[in-house]
Each structure stands twice: as structure tokens, then as C-alpha cells.
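**Q**
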Amino acid sequence: MAPHPPPPLEGRKRRIAMMTSGGDSPGMNAAIRAVVRMAIEKGCEAYCVYEGYDGLVQGENFIRKFEWPDVRGWLSEGGTLIGTARCMAFYERPGRLKAAKNMVLNGIDALIICGGDGSLTGADKFRAEWPGLLHELVENKELTAEQVEPFKHLNIVGLVGSIDNDMSGTDATIGCYSALSRICEMVDYIEATASSHSRAFVIEVMGRHCGWLALMAGVATGADFVFIPEKPRAENWKEEMCKIVARHRQIGKRKTIVIVAEGAHDQDGNKISPDMIKDLLADKKGLALDTRITTLGHVQRGGVACAYDRYLATLQGVEAVKAVLEATPETPTPFIAITENKICRKPLVQAVLDTKEVAKAIEAHEFDRAMSLRDTEFSDIYDSYMTTTTTDLNDAMRLPPQKRMRIAIIHVGAPAGGVNAATRAAVAYCLTRGHTPIAIHNGFAGFVRHHDDKPLGSVREFDWLEVDNWASKGGSEIGMNRELPKESGMETVAALFKQYNFDGLFLIGGFEAFHALSQLRQAREKYSSLCIPMTLLPATISNNVPGTEYSLGSDTCLNELVRYCDTIKQSASASRRRVFVIETQGGRSGYIATLAGLAVGAVAVYTPEEGVSIDMLAADIKHLKQVFKEDSGQSRAGRLILINEKASPVYHAKLIADMIRQEAQNRFETRDALPGHVQQGGTPSPMDRTRAVRLAIKCIEHLEKYEDRADSAILADPQSSTVIGIKGASVVFSSMKDVEEKETDWPNRRPKDEFWLGLKDVVDVLSGRPEVPRPESPLLGWKAKDNKRGLI
Ligand code: ADP
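If you want our numbering, it's the position in the sequence shown, counting the first as 1, plus 991.
What follows is the structure in C-alpha cells.
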């Protein structure tokens, strides 16, 4: 142990330590990488504390200075590479006193902790006690007053790392979507065997006080029943479950899946175990189903982080360092949260208190309060789930006959993950309300050309038994087509709307769907049959639909790309010195390329928004040469460059790879790679599936508001044709007219203001890309040679 703290760094530079604590979760390594590199970028020194609070209490070798290359390749590693532990000593003041002394002796004045609510409670206690601990260390003569003087103010910032998503105040915790992916993957496997043997499966997932995993898995897989701690079922849950399962079997379902959180209980607090559920399902006098139990256990923690967790952890790590640097002695200790799509700082103390309140409310059987303390998405999803599982058993939800609508559902564009899940949810909601959901097969082209084909025309009422299987299916079950209504013939389209007597239209798709809706909206003046409410749920891997920051399918695509990049990166480990230039899809939007670059740590990302120039390529090649010169083979994985398919009309992946090869002069190898349609993904990601359900139901609810409006009222109301979107911290329905006129870059088929543009700088900074000359870009507001970053 150093006998004296090192002298303070010049200026406002800090020594920032990063620690992971409590249960491990996928994405923690991404957070460490981001904190270490961002701290260094900002001129600070970065440290890591090994083994959680244990390391802080023990000091010595457990606190290590980190340099830039030390976190290379960490994005694609599961768990936490600096270890985590439960530490009894830290619960007691003497333990915390030792920890304080070790912090001072290492000169550390800021601590970023990634852990669950326990770890963050400990952190908050530590900070509150800090002045007292320093005082005691001086009193005991363990340190001198001069030694502690520069450490008067300790900054702590929390990052929530937990697979349970059990922290109040944030929509997602680092690791929860990876755990959910694992669970859904397992349930998808089990479903196949369940269906083959016509069996029932009771699947137990983690979550002692928090049913997020169980609920989201239920929604994503279309499970028959879920049990969560926050919302125990009614007293007659046994009959309720058996009734629903029996009904599903009666309409022809061959499999039964019940998901139960480990903390599930009834309204009196008695545990509901998988065995109890199994006995009910297997009971010979009742359902008599061949029933098995699967307890998923620790596989839920395992594996590499999904794309979203890498993104979340990276951006939150960057934000945590900024929070340290901007903190004043008066700033309350923050933790970094995410609300919908917005990363924000919130007071740590309140979040910890609220989280504890949930557990207390559950113990006191105040379940409504427990639900209200969770974020809004949670209760939204719960309601969505209930709607999709009890379509014809929910009399309370049924509308009177005069309020029921004929709602047409159409897919326009190219397939994207979540399109079927959205359709299933919309159909379920329609059936629950008494509406008639009608499928238009194969887009507007199919509608116009094949609507009266016998026996299977393109306009058909949905059959629930068929649709019920779609929760986890990729592609588009009713068929998609890019053709626009004007191309199909607007007059015919309008005549068909009249013939089939549609009262509302629900479109799912990408930019073409947006364009189609724009055409229909504008044609309303001419055709009264089009004076019906219409809404679009954006779904495209390119994520380029104006009116939203997130389109269904973009998360699935990112996961596929990340998997592809991880594999390809590893394939270079034998030869060690290899650069891959990977071409991504995305149309004229660089979203997918940039976000994948963020999740895999690309050395450069080329986007259509920014473009590519010869100077830029030259600078990047020079940088690569430098990287390989300094790296004598210790880091084995390959380096990646991502280029969007339309980043440049001239410089495509192969050409760039050839240029690099020429310049490398055999000092390293280069390959181009084209993942192509792999990017559309096989099975959609759980995020795409669950968001599909939530947003689709909101869309039909929105259409319902216009059930009795006259044509003139529809024409006059801008909200009668909308696009649903996630914008910043909210889910909003934006009027198509506004979005078309103000927010759309029509020639480039993307939003004018793309929220993620600043993220490119994050990719560059964290991968160590030097400032490179950027092509002139009016969109991004810089001129040739004006190459300053500055967005982060
Ligand atoms: P998690 O952070 O995943 O919720 P724990 O609750 O086990 O996990 O907390 C991790 C560690 O944080 C504990 O082993 C302990 O060292 C520290 N800790 C938790 N709660 C407190 C507390 N109330 N006071 C002091 N330290 C705490």
C-alpha cells in the first residue's frame, strides 16, 4: 500500500475508479470499457477496483490503474472481468473505514459503481458517511489532515447492473435484456418440443421481488399464463389459470407454457411453486396435461451481452464520467437511468428508497402500490399481456356492438423482426374488444390484384388459432410488399376500402409504409372511403422512419450484426493481424452501422450522413498502420470497419479493403465481408417482440378514438392519421401531416433530425480513432477540414 496519496493531478483532473458489485450481469464489461476510456479521454486517470467492495476494503493489488489498451475486446465478453463479490465487511463501519483509507491512499476521488440496489445502497451510505470516515481516520492517526484535505468531496455515480430490472426510476438495467434474450431463446426451444408432444411446460425464471423477466418473457413468447410477485392473481387463480389454459386447448393450441417468477405468490403471500402449477395442469380430473417443469437457473446470467445492453452500458458509462466531472459538492449523488430512449441522471437516494418500497409493498400485500412504483412500461406491458391471453374471456373489455370496428391490417415494405408479434397483439386486442381484424395480404399490390381470388383472396379475417403462434415468428406472415397505393392505383384502393367497409387502417412497415400513409392521407380529400383513422407502427431494420427514434426490427438487426461481427472478429485470432471491412444495410441511414459500431467497438464507421472522402480514408489507414505497429500481437481479435451500403457512391467495402491491403504492405491482412440479408434476423429479439405488443395495442386504442367521427371531422383532425413513435422519454402519436412536412428528409428517405448522430463521436472516441478529416457535410453542419468532434 502506498504510504502517501499521490499528489493531485493538475487542473480539475480526477482519479476515477470503476467497480462492479453484487450479482454480475451482461454488459458490465461494456460499462467498464466506457468509463475507463472516457475518463482517459477527458484527461483523468482511470482505476478499477477488483472484486467489488471486498477489493476496496482490502486495497493493495485490488485497486489497479487502467490504461487504454487494458479494456480492448471487453465489449464482447460476458460477466465482469474485474470480478464481483458480496462483501460482509462493507456492511459494517470498520469495513467502510478501511475502504475510505484505501481510496485516499490511491488518490481516488470519484467512484463509479455498477451493481444492483444493494450495491448502490452501500454506495450511498459510504458517501453520506465520507466526511465522518475521513475525520475518524485523522483522529486515529491513520492519515493526516493534509493527506485527507484534497479528498473532502467524494463523488459517487451509480450504474444499475442487474439482470432482474428491479431498480425503480429506470426502464432498463444493464443486463436485463440479455437475460431476457436467454430466457426467450430457451422458451422458444421448449415450445418446439411442447408442441410436438402436445405438452405443458412450467418454466421458472429469476425474480424474487421483480417480475419483469417473467412478464416480458410471457409477452415475448405468447405464454399462456404468467405469475409475478408484484401482481398476484385473484384469489381464484387456480380456476382462472385452468380456465384460460383449457380455452386455449379448446381452440386447438397444442402447447401450454406457464412462466413463473421465483418470487411468485398468491394474494395472501403464500408461495406459488412450479410444482403446484404442474399438479393443477396434470390433474387427471381437470386438464390432464402431460406437464414438465424447467427451472432455468444460472443460464439466465450467462453469455455475452446483447446489442442493447452494450449500447446502454456504453452510453451510461460515458454519462457517468460526465456526471463526475460536472458534479459540485452540492450535487446529490446520481445514478444513470434510461427512460424510453433517453439516458438521464436521477437522484440515487430516491431510486433506492423507491426500490425498497416495492419490496415492502409486496410484503404488506399492497399490490397496486407495488405496481405503481414500477415504471410505466411495466404496467403497460402487464395490461397488454392480459389482453393478448384472454381474447374471448374478457367480458369487461368488450365494446357494445355499435362501437365495434372493422380494422384492416397491412404490412408495407420489407420484413423486420416484430412485425408478426405486432400483428398478433393488434388482432388479440381487436378480438378482445369485439372489433373485426382483417388481414390485407401482400401489401397494396396484393390488395388490388388479388382481393377477390377464390378461395383465398388477399382480404381475409384473421383466424386466432393461426395468429396465436406468431409471437416469436420472424418475417411477415401476411406478406409484405413495397408497392405504394398510387402505384397500385389510388382509385382502386379507395373503391376497395369502400367495398370492404373498413373503419380503420393499421399499417406496419418502414419508409414505404410511411410514404404509403402519406399518399392515403392526401387522397382523403378526394375519396370519402379513406376518411377513416389510420396509424403506422414503424418497422424496419434501417430505423429510418420519421416520427420515431426506434422502429421494430432494428434491435433484431443489431443483434444479428453484433453476433456476426463478434464471430468474424474472433476468426482473426489465429492470424492476429486482420482488418475486416463490413458492409451493413440501412438505406440512406447510418443508424445500424453506427449502433453496431458502438456495440462491437469498430475502429471506424462510415455513414451516408457523413460520407467518405479520400482524406478520411488516408487518415484511417494511417491510424490502422499505427495500431498494428504498436500491437505486437497481444490482442488477437481482428479490427472492424463498418460501412453502410450507401455511405459513398464510390468507396464500397471491397474497394476500401483493397486500398487498405495495398497500403498495409503485408504488415496486416484485410478482408471485406457482407452479412447481407442475415441482418433481417431469424427469430426477432425480445425487445422487438415486447415493444411490438405494447405499441400495436396503443395503435388500435388510438384508432378506436375515431370510431364515430364524420368524414369532415376526420379530415379536420391531424391526429386521425398518425405515426406512433418513441421520442426521447415518451411514446407519442405524431400527426402524419406535421411529420411529413417538418421532420422528413424525403430525398434521403430518413428523418431530418436523426437523434443518434452524436453517437458516432462516442464510437470514435471509445475506439481511439483520431480526429480525421471529414467530408463536407451540410447536414451535420461542418465543412471540409473542419474536423472537430465536440458532440460528446
Ligand atoms: P446487489 O448489488 O446485486 O443488489 P447485494 O445486495 O448483495 O447485491 O449487495 C452487494 C454488496 O453491496 C454487498 O455484499 C455489500 O458489500 C454492499 N451492500 C449492500 N447493501 C449494503 C448496505 N445497506 N450497507 C453497506 N453495504 C451494502
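Where a beta carbon is used, it is the ideal one built from N, C-alpha and C, also for glycine.
1) Less than 6 angstroms between the CB of Ser1110 and some heavy atom of the ligand ADP, yes or no?
2) Can you name the residues that DSSP bridges to Phe1724?
3) Any idea what DSSP makes of Lys1275, helix, strand or coil?
4) Since Asn1260 sits in a beta bridge, which residues does DSSP pair it with?
5) Are the stretch 1026-1036 and the stretch 1252-1260 touching by the rule of at least three beta carbon pairs closer than 8 angstroms?
6) Would you decide whether Thr1290 is buried or exposed? Buried here means 16 or more other CB atoms lie within 10 Å of its CB.
7) What does a CB cutoff of less than 6 angstroms around Trp1121 pick up in its chain, not counting 5 residues either side in sequence?
8) Would you mind giving the Cβ-Cβ distance between Arg1568 and Glu1660, rounded to the nearest angstrom? I have them listed as a contact below 8 angstroms.
9) Should Gly1098 be flagged as near chain C, meaning a C-beta pair shorter than 7 angstroms?
10) If we call anything under 7 angstroms between Cβ atoms a contact, is Gln1670 one with Glu1551?
11) Nearest CA to the CA of Gly1437: which residue from Gly1013, Val1458, Leu1475 and Arg1760?
12) What's the gap between the Cα of Cys1035 and the Cα of Lys1056?
13) Is the separation between the beta-carbon of Leu1150 and that of Cys1105 shorter than 7 angstroms?
14) Roughly how many whole angstroms lie between the Cα atoms of Met1525 and Gln1513?
15) In whole angstroms, what is the alpha-carbon distance linking Asp1752 and Leu1633?
16) State the start and end residues of the unbroken beta strand (DSSP E) segment that holds Phe1502.
17) May I have the straight-line CA-CA distance separating Val1193 from Cys1233, to the nearest angstrom?
18) So does the stretch 1171-1180 actually touch the stretch 1360-1378, counting three or more Cβ pairs closer than 8 angstroms?
19) Between the Cα of Ala1595 and those of Arg1579, Ile1573 and Gly1578, spot the shortest distance and give me the residue it belongs to.
20) Please list the terminal residues of the continuous alpha helix (DSSP H) segment that includes Asn1093.
21) Any idea if Pro1599 is buried or exposed, counting beta-carbon neighbours within 10 angstroms, 16 or more meaning buried?
22) In chain order, what residues of the same chain have a beta carbon less than 7 angstroms from the beta carbon of Leu1339, not counting five sequence neighbours either side?
23) Check whether the stretch 1718-1738 and the stretch 1527-1540 touch, using three or more Cβ-Cβ pairs below 8 angstroms as the test.
24) Using the C-alpha atoms, what's the distance from Leu1750 back to Tyr1642?
25) Which residues bound the beta strand (DSSP E) around Pro1428?
26) Using the C-alpha atoms, what's the distance from Ser1711 back to Pro1392?
27) Does the ligand ADP have even one heavy atom less than 6 angstroms from the beta-carbon of Ser1016?
28) Can you tell me which of the three DSSP states Thr1423 falls into?
29) Look up Met1177 in the DSSP assignment and give the residues it is bridged to.
30) How far does the alpha helix (DSSP H) with Arg1685 in it reach, from first residue to last?
31) Give the DSSP-derived three-state secondary structure of Thr1286 in the structure shown.
32) Let me know the secondary structure DSSP gives Ile1353 once reduced to three states.
33) Return the Cβ separation of Val1249 and Ile1263 in integer angstroms, given the expectation that the two are a contact with Cβ distance under 8 angstroms.
34) Would Tyr1302 pass as a contact of Ala1590 if the rule is Cβ separation under 7 angstroms?
35) Runs of 4 residues minimum, wholly inside the stretch 1509-1551: which ones carry the alpha helix (DSSP H) assignment?
36) Ignoring anything shorter than 3 residues, give me the beta strand (DSSP E) runs that lie fully in the stretch 1205-1275, in order along the chain.
**A** Checking against the coordinates, here is how it stands:
1) Mapped onto the sequence shown, residue 1110 falls at position 119. Ser1110 Cβ: within cutoff of the ligand ADP.
2) Residue mapping note: residue 1724 aligns to position 733 of the sequence shown, counting from 1. Phe1724 is bridged to Ile1715.
3) Within the sequence shown, the letter at position 284 stands for residue 1275. Of the three classes helix, strand and coil, the one that applies to Lys1275 here is coil, per DSSP.
4) As a position in the sequence shown, residue 1260 is number 269, starting the count at 1. It should be noted that the sequence gives Gly, not Asn, for residue 1260. Its beta-bridge partners do not exist; DSSP assigns none.
5) no
6) Within the sequence shown, the letter at position 299 stands for residue 1290. Here residue 1290 is Val; the residue named in the question, Thr, does not match the sequence. Flag for Val1290 reads exposed.
7) Here residue 1121 refers to the residue found at position 130 of the sequence shown. Cβ neighbours of Trp1121 beyond the five flanking positions: Leu1145.
8) By one-based count along the sequence shown, residue 1568 stands at place 577. By one-based count along the sequence shown, residue 1660 stands at place 669. Right, the Cβ-Cβ distance comes to about 6 angstroms (below 8 angstroms), so this counts as a contact.
9) Absent here is chain C; the protein component of the structure consists of one chain.
10) On the sequence shown, position 679 is the one that residue 1670 refers to. On the sequence shown, position 560 is the one that residue 1551 refers to. Yes. Within cutoff.
11) Here residue 1437 is taken as the residue at index 446 of the sequence shown, counted from 1. When each option's Cα is compared against that of Gly1437, the closest is Leu1475.
12) Locating residue 1035 in the sequence shown gives position 44, counting from the first residue. Locating residue 1056 in the sequence shown gives position 65, counting from the first residue. Going by the C-alpha atoms only, they are around 11 angstroms apart.
13) On the sequence shown, position 159 is the one that residue 1150 refers to. On the sequence shown, position 114 is the one that residue 1105 refers to. Against a cut-off of 7 angstroms, the Cβ pair of Cys1105 and Leu1150 comes out as a contact.
14) Taking the first residue of the sequence shown as 1, we reach residue 1525 at position 534. Taking the first residue of the sequence shown as 1, we reach residue 1513 at position 522. Computed Cα separation, rounded: 12 angstroms.
15) Looking up residue 1752 in the sequence shown gives position 761. Looking up residue 1633 in the sequence shown gives position 642. Between Asp1752 and Leu1633, the C-alpha separation is close to 14 angstroms.
16) Within the sequence shown, numbered from 1, the residue matching residue 1502 stands at position 511. It is not in any beta strand (DSSP E) - Phe1502 instead sits in the alpha helix (DSSP H) that spans Phe1502 to Ala1514.
17) Translated into the one-based positions of the sequence shown, residue 1193 becomes position 202. Translated into the one-based positions of the sequence shown, residue 1233 becomes position 242. If I take the Cα positions, the gap works out to 13 angstroms.
18) no
19) Here residue 1595 refers to the residue found at position 604 of the sequence shown. Checking every option, the nearest Cα to that of Ala1595 belongs to Ile1573.
20) One-based indexing of the sequence shown puts residue 1093 at position 102. That run of the alpha helix (DSSP H) goes Arg1084 to Leu1096.
21) Here the question's residue 1599 lines up with position 608 in the sequence shown. Buried.
22) Residue 1339 sits at position 348 when you count from the first residue of the sequence shown. Cβ neighbours of Leu1339 beyond the five flanking positions: Leu1111, Asp1115, Gly1149, Thr1324, Pro1325 and Phe1326.
23) yes
24) Here the question's residue 1642 lines up with position 651 in the sequence shown. Here the question's residue 1750 lines up with position 759 in the sequence shown. Approximately 23 angstroms, taken between the alpha carbons.
25) The residue you call residue 1428 lines up with position 437 of the sequence shown. Here the beta strand (DSSP E) through Pro1428 covers Thr1427 to Ile1431.
26) What you label residue 1392 is simply residue 401 of the sequence shown in a count that begins at 1. What you label residue 1711 is simply residue 720 of the sequence shown in a count that begins at 1. Each residue's alpha carbon lies about 22 angstroms from the other.
27) If you number the sequence shown from 1, residue 1016 lands on position 25. Outside the cutoff, so no.
28) Mapped onto the sequence shown, residue 1423 falls at position 432. Looking at Thr1423 - three-state DSSP - the assignment turns out to be helix.
29) Residue numbering aside, residue 1177 sits at position 186 when the sequence shown is read from its first letter. Answer is none; Met1177 lacks a bridge partner.
30) Here the question's residue 1685 lines up with position 694 in the sequence shown. Start and end: Pro1677 to Glu1695.
31) In the sequence shown, residue 1286 corresponds to position 295, counting from 1. Correct three-state label for Thr1286: strand.
32) Start at 1 with the first residue of the sequence shown, and residue 1353 comes out as number 362. The answer is helix: DSSP assigns Ile1353 an H, G or I state.
33) Working through the sequence shown from its first residue, we reach residue 1249 at position 258. Working through the sequence shown from its first residue, we reach residue 1263 at position 272. Their Cβ separation, rounded to whole angstroms, is 10 angstroms, which puts Val1249 and Ile1263 out of contact at 8 angstroms.
34) The residue you call residue 1302 lines up with position 311 of the sequence shown. The residue you call residue 1590 lines up with position 599 of the sequence shown. Closer than 7 angstroms, so yes.
35) none
36) 1216-1218 and 1247-1252
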